[in-house]
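Residue numbering for the sequence shown follows this note's numbering, beginning at 13 and increasing consecutively.
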Amino acid sequence: MLHAIIMAGGAGTRFWPASRTLMPKQLLTLSGERSMIQGTIDRLDGLVPADNMLIVTNHRLVDGIAQQLPELPESGILGEPCKRDTAPCIGLAALQVCRNDPEGIMAVMPSDHVIQATDKFQAAIQQAAALVEESPERIVTFGIRPTYPAEIFGYIERGDELTTSGDAAAAFQVAQFREKPDAATAQQYLDSGNFYWNAGIFVWKASKILRELQERQSEMFAHLQAIEDAAGTDGYDEVLRERFAAIKGVSIDYAVMEHATDVVVIEAPFDWDDVGNWPSLARLLGTDDNGNTIDAKHLGIDTSGCIIRGDDEHLIATLGIEDCIVVHTPDATLVADRKNEESIRQLVKMIEENDWQQYL
């Protein structure tokens, strides 16, 4: 059976002050009427039954996610006691899948991306699952054709093309995974036409990824197996806390993907956006005649190129500003140069250093 694993442990720091410890990016509604994690679950409707969905998240977010997704069973949300990156998260989920379905196929995806054309997304996941069924040792990932020389994404270099039938998306053997490049290298990747952005979506047999982790991350796997062995016992929570905290965090890319041999990349037939920062709202919501993206009650004079977000009750008025980010929340307001939005992470660290927990 096909199982969906949704990784939802991120902090979404670059979306401060809207994104907070108990209401991070994946729980926010940035476009439409549904939060990002609700949108992720919506895309799986009709493809994966609710009983086969598992959200892995920070333990502090379990209640908030459960409130947003009442259709999921209690066992469908797994809380990590601490942050240890994506490889332990995926390993923990794979063990749970194998416990119930030893031959299960996992579709692993982030909870905070925007993907348009649900029918194309579901068809691509089904295509990936078929490729795994055809060769159970195979790992399938998805690549996004780059539209500009991005330095913020990892890249996938494609190799030989696989034979596909009908209207299936193009698929290729992966030649190599590449780290986030500098500007010149990113331009070379774009010009070559042989590189994709790494979307961070994977399809594989649960048993396959566990063998990879056991071989390449033996210490991590031992801790994960001890947690799995305690499942259903009175001491499970304690074992989970102690053993998971003992794991050295590492991403699935470093742990497995860069070393695996039979990896296929499908050129994503759907529109994809990782929505990584406030300027992303311009792509989601569009702009007005002055280049502004407005998601607030706003009046502006000589205002251009700005991202402005608030609520329906608080008026945001702007005079003579351009290329700014203005985000108002009930207890904090951000005003930033649009070109300097990366410093929001530094700002959050300063708030932590001041021990102003009420703003986090």
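Cβ atoms here follow ideal geometry from the backbone N, Cα and C, with glycine treated the same way.
C-alpha gap between residue i and residue j, whole angstroms
i: glutamate 149; j: aspartate 283; result: 28 Å
i: alanine 308; j: aspartate 323; result: 5 Å
i: alanine 129; j: glutamate 365; result: 43 Å
i: proline 100; j: glycine 166; result: 20 Å
i: valine 268; j: valine 60; result: 25 Å
i: threonine 176; j: proline 114; result: 28 Å
i: isoleucine 151; j: arginine 228; result: 15 Å
i: valine 277; j: isoleucine 319; result: 35 Å
i: threonine 197; j: lysine 220; result: 33 Å
i: valine 287; j: isoleucine 164; result: 12 Å
i: isoleucine 337; j: asparagine 64; result: 40 Å
i: arginine 223; j: alanine 234; result: 12 Å
i: alanine 140; j: glycine 116; result: 14 Å
i: glutamine 55; j: serine 43; result: A small fix is needed here, since residue 55 is arginine in this sequence, not glutamine. Rounded to the nearest angstrom, the two C-alpha atoms are 15 Å apart.
i: methionine 35; j: leucine 174; result: 42 Å
i: lysine 37; j: isoleucine 67; result: 15 Å
i: glutamine 108; j: aspartate 335; result: 47 Å
i: glutamine 199; j: tryptophan 209; result: 13 Å
i: arginine 96; j: tryptophan 290; result: 26 Å
i: asparagine 302; j: alanine 16; result: 42 Å
i: proline 342; j: valine 74; result: 24 Å
i: aspartate 179; j: glycine 88; result: 33 Å
i: phenylalanine 133; j: aspartate 367; result: 43 Å
i: threonine 372; j: phenylalanine 27; result: The question names threonine, but residue 372 in the sequence shown is leucine. Answer to the nearest angstrom: the Cα atoms are 11 Å apart.
i: alanine 187; j: alanine 272; result: 11 Å
i: histidine 125; j: alanine 142; result: 24 Å
i: isoleucine 363; j: leucine 311; result: 30 Å
i: isoleucine 18; j: glycine 298; result: 28 Å
i: proline 82; j: serine 230; result: 37 Å
i: glutamine 185; j: glutamate 325; result: 53 Å
i: leucine 40; j: serine 123; result: 11 Å
i: alanine 62; j: aspartate 300; result: 39 Å
Reduced DSSP category for residue i - H, G, I as helix; E, B as strand; rest coil
i: leucine 40; result: coil
i: leucine 359; result: helix
i: alanine 243; result: coil
i: valine 287; result: coil
i: methionine 48; result: helix
i: valine 262; result: coil
i: tyrosine 160; result: coil
i: aspartate 54; result: helix
i: arginine 150; result: coil
i: glycine 322; result: coil
i: methionine 65; result: strand
i: leucine 174; result: coil
i: glutamine 188; result: strand
i: methionine 232; result: helix
i: glycine 155; result: strand
i: histidine 15; result: strand
Span of the beta strand (DSSP E) around residue i
i: alanine 329; result: 327-331
i: methionine 121; result: 117-122
i: arginine 26; result: Premise fails: arginine 26 is in no beta strand (DSSP E) and is neither H nor E.
i: glutamate 353; result: Per DSSP, glutamate 353 belongs to no beta strand (DSSP E) and is neither H nor E.
i: tyrosine 208; result: 207-217
Proximity winner among the options, relative to residue i (alpha-carbon distances)
i: lysine 361; options: Arg32, Ile18, Ala20 and Ala16; result: Arg32
i: glycine 205; options: Ser177, Thr159 and Asp246; result: Thr159
i: glutamate 92; options: Leu84, Ala105 and Pro85; result: Ala105
i: threonine 25; options: Leu143, Val338, Asp367 and Arg357; result: Arg357
i: leucine 236; options: Ile213, Gly261, Val215 and Phe214; result: Gly261
i: threonine 305; options: Ala294, Ile313 and Ile213; result: Ala294
i: valine 144; options: Tyr248, Asp314, Ala183 and Asp75; result: Ala183
i: aspartate 249; options: Glu325, Thr153 and Leu90; result: Leu90
i: lysine 192; options: Ala181, Ala162 and Gly171; result: Ala162
i: leucine 202; options: Lys217, Arg157, Asp246 and Met232; result: Arg157
i: glutamate 169; options: Asp285, Glu354, Glu279 and Ser147; result: Glu279
Supposed contact pair residue j and residue i - C-beta distance, whole angstroms, cut 8 Å
i: leucine 14; j: glycine 103; result: Incorrect: roughly 19 Å between the Cβ atoms, too far for contact.
i: threonine 52; j: methionine 121; result: 7 Å
i: valine 339; j: leucine 346; result: 4 Å
i: isoleucine 127; j: glutamine 80; result: With a Cβ gap of about 18 Å, isoleucine 127 and glutamine 80 do not count as contacting.
i: phenylalanine 189; j: glutamate 270; result: 5 Å
i: glycine 155; j: alanine 211; result: 7 Å
i: threonine 153; j: serine 263; result: Wrong, their Cβ atoms sit about 13 Å apart, outside the cutoff.
i: alanine 238; j: arginine 255; result: 5 Å
i: isoleucine 77; j: alanine 23; result: 14 Å between Cβ atoms; not a contact.
i: aspartate 181; j: proline 281; result: Per the sequence presented here, residue 181 reads as alanine, with aspartate not at that position. Contact flag correct, Cβ pair sits at about 4 Å.
Residue i - containing alpha helix (DSSP H), residue span
i: threonine 98; result: 98-112
i: arginine 295; result: 292-297
i: glycine 312; result: Run containing glycine 312: none in the alpha helix (DSSP H); it sits in the beta strand (DSSP E), 309-313.
i: glycine 76; result: 74-80
i: aspartate 203; result: 195-204
i: glutamate 146; result: 130-146
i: alanine 267; result: Alanine 267 -> no alpha helix (DSSP H), and no H or E assigned at all.
i: valine 60; result: That residue, valine 60, is in no alpha helix (DSSP H); it is neither H nor E in DSSP.
i: aspartate 349; result: Not the alpha helix (DSSP H): aspartate 349 falls in the beta strand (DSSP E), residues 345-349.
The ligand NAD heavy atom lying under 7 Å from the CB of residue i
i: methionine 121; result: You won't find the ligand NAD in this model; it holds no ligand whatsoever.
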